[in-house]
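Trainee:
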RNA sequence: CCUCUCUACAAUCGG
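In this note's numbering, the protein residues as written are 3 to 353.
1) To which residues of the same chain is residue 181 closer than 6 Å at the C-beta, ignoring the five residues directly before and after it?
2) From what residue to what residue does the alpha helix (DSSP H) around residue 264 run?
3) Which term fits residue 310, buried or exposed, when burial requires 16 or more other beta carbons within 10 angstroms of its beta carbon?
4) Report back the beta-carbon spacing between residue 252 and residue 291 to the nearest angstrom; my notes put them in contact at under 8 Å.
5) Assuming residue 95 and residue 79 are in contact, meaning their beta carbons sit under 8 Å apart, how far apart are those beta carbons, in whole angstroms?
6) Going by beta carbon distance, what residues of the same chain come within less than 6 Å of residue 3, once the five residues before and after it are set aside?
7) Just how far apart, CA to CA, sit residue 74 and residue 42?
8) Just to confirm, is the Cβ distance from residue 167 to residue 140 under 8 Å?
9) Residue 304: which of 285, 105 and 338 sits nearest, CA to CA?
10) Between the segment 148–164 and the segment 118–130, do three or more beta carbon pairs fall short of 8 Å?
11) Determine the closest residue to residue 58 out of 45, 67 and 68, with distance taken between C-alpha atoms.
12) Let me check understanding here. Comparing Cα to Cα, which of 240, 51, 275 and 327 lies closest to residue 206?
13) How far does the alpha helix (DSSP H) with residue 151 in it reach, from first residue to last?
14) Leaving aside the five residues before and after residue 25 along the sequence, list all residues of the same chain whose C-beta is less than 7 Å from its C-beta, in chain order.
15) Can you give me the Cβ contacts of residue 208 inside the same chain, cut-off strictly under 7 Å, excluding the 5 residues immediately before and after it?
16) Give the C-beta separation of residue 220 and residue 198 to the nearest angstrom, bearing in mind that I take them to be a contact with Cβ-Cβ under 8 Å.
17) Enumerate, from N- to C-terminal direction, the unbroken alpha helix (DSSP H) stretches of 4 or more residues contained entirely within the segment 19–53.
18) From this set, 350, 37 and 216, which residue's C-alpha is nearest residue 245's C-alpha?
19) Here's a check: name, in chain order, each residue in its chain whose Cβ is nearer than 8 Å to the Cβ of residue 19, leaving out the five neighbours to either side.
20) Return helix, strand or coil for residue 314, following the three-state DSSP convention.
21) If you reduce the DSSP assignment to three classes, tell me which class residue 86 lands in.
22) Are there 16 or more other CB atoms within 10 angstroms of the CB of residue 260, so buried, or fewer, so exposed?
23) Let me confirm a value: residue 100 is counted as buried when at least 16 other C-beta atoms fall within 10 Å, else exposed. Which label applies?
24) Out of 214, 255, 223 and 229, point me to the one whose CA is closest to residue 242's CA.
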């Protein structure tokens, strides 16, 4: 039996999951009943090879025949289902292990919480797991804290996010750049721009040198809060610090120009990015058309649309929605109809 | 003899 297990394990380590499976079959054919370790090495082999369906089949079979694994088995199953984003399967495994009276390890909690915090639907579950884990005296990892903060941010749960951040610091876990951008982003989305900027400054004083993602999150926060001027200040600042703006930076800034009707600034940014050799994409064009459209500059919007097509870009739904919205708002209904036809001709659908 | 996971940046709309 030990020999079979070793062979399956060796196959798994080499990524030979088919061989691992066939050794498993041989073993049963030869009259050896697989033990928990056999199961674990097989699951590890399949998980490592991303054979998610096979792992799920084995899990279903375990359930139907009432087979029970140990902590290693359940940890392996959870980590595979997390990698596969199979929330339901992962939670079933968790339930099964709790039913058996096994205490989940912090690795199992971390995987589940990161998985659940990726979708608003399961965020409540992530927070339940978080409380349960804390109650059990376990400390979450840095990446788990970050995932929770980000997940809460997407759902505009900024107070909860700050609470988790507080726990993190109490536990002596040091924030990194992911923590910083998630917090800034979270606070920005929740219209807490003052807190977002304060957090950004505090973390910098703690010695975290912001990278472009952090600055882009900050620009996003400014954009959401109609602070185009503040956004521009940070745009200069990040360059003084030696960072090079990318397409996300420019697209976000152009969006920030929409609400203040700063369409000239938006156009300048558009020119500047091209001078720097950054090719605009549909995000950029949609933002630019909205920026000029907000000032009823419908002719400019049309020019931009024509220019992008001349340059070989394929406008998508967002670009067309921005353009059609601009024309409609400007009372250009005939043009709107024409653009609409062109959109249909290009096979782009509304919505 | 066996699992070692997981995290951050841009698109609704209007006055």
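Even glycine gets a Cβ: it sits at the ideal position worked out from N, Cα and C.
Owing to the predicted nature of the structure, the values given are computational and were not obtained by experimental measurement.
Mentor: Per the coordinate set shown:
1) Cβ neighbours of residue 181 within its own chain (closer than 6 Å, five residues either side excluded): 148.
2) Looking at the DSSP string, residue 264 is not in any alpha helix (DSSP H), and its letter there is neither H nor E.
3) Residue 310 comes out buried.
4) About 15 Å separates the Cβ atoms of residue 252 and residue 291, ruling out a contact at the 8 Å cut-off.
5) About 5 Å; that satisfies the 8 Å criterion.
6) Taken in chain order, the residues that qualify are 34.
7) The straight-line gap from Cα to Cα measures roughly 7 Å.
8) At least 8 Å separates the beta-carbon of residue 167 from that of residue 140.
9) Taking only the C-alpha atoms, the option nearest residue 304 is 338.
10) The segment 148–164, when compared against the segment 118–130, does touch it at the 8 Å Cβ threshold.
11) Relative to the Cα of residue 58, the nearest Cα in the group 45, 67 and 68 belongs to 45.
12) When each option's Cα is compared against that of residue 206, the closest is 240.
13) Note, residue 151: alpha helix (DSSP H), 144–156.
14) So the list reads 6, 9, 10 and 13, once near-sequence residues are dropped.
15) So no residue of the chain qualifies.
16) The Cβ separation is near 7 Å, so the contact holds.
17) Counting whole runs of 4 or more residues, the segment 19–53 contains the alpha helix (DSSP H) stretches 19–31 and 38–50.
18) Of the candidates 350, 37 and 216, the one whose C-alpha sits nearest the C-alpha of residue 245 is 216.
19) Taking C-beta separations shorter than 8 Å and ignoring five residues to either side along the sequence, the partners of residue 19 in its chain run 13, 47, 48, 50, 51, 53 and 56, following chain order.
20) Reduced to three states, the DSSP call for residue 314 is coil.
21) It is coil, neither helix nor strand.
22) Classification for residue 260: buried.
23) Taking every protein chain shown into account, the CB of residue 100 has fewer than 16 other CB atoms within 10 angstroms, so this residue is exposed.
24) Proximity to residue 242 across 214, 255, 223 and 229 peaks at 214, based on C-alpha coordinates.
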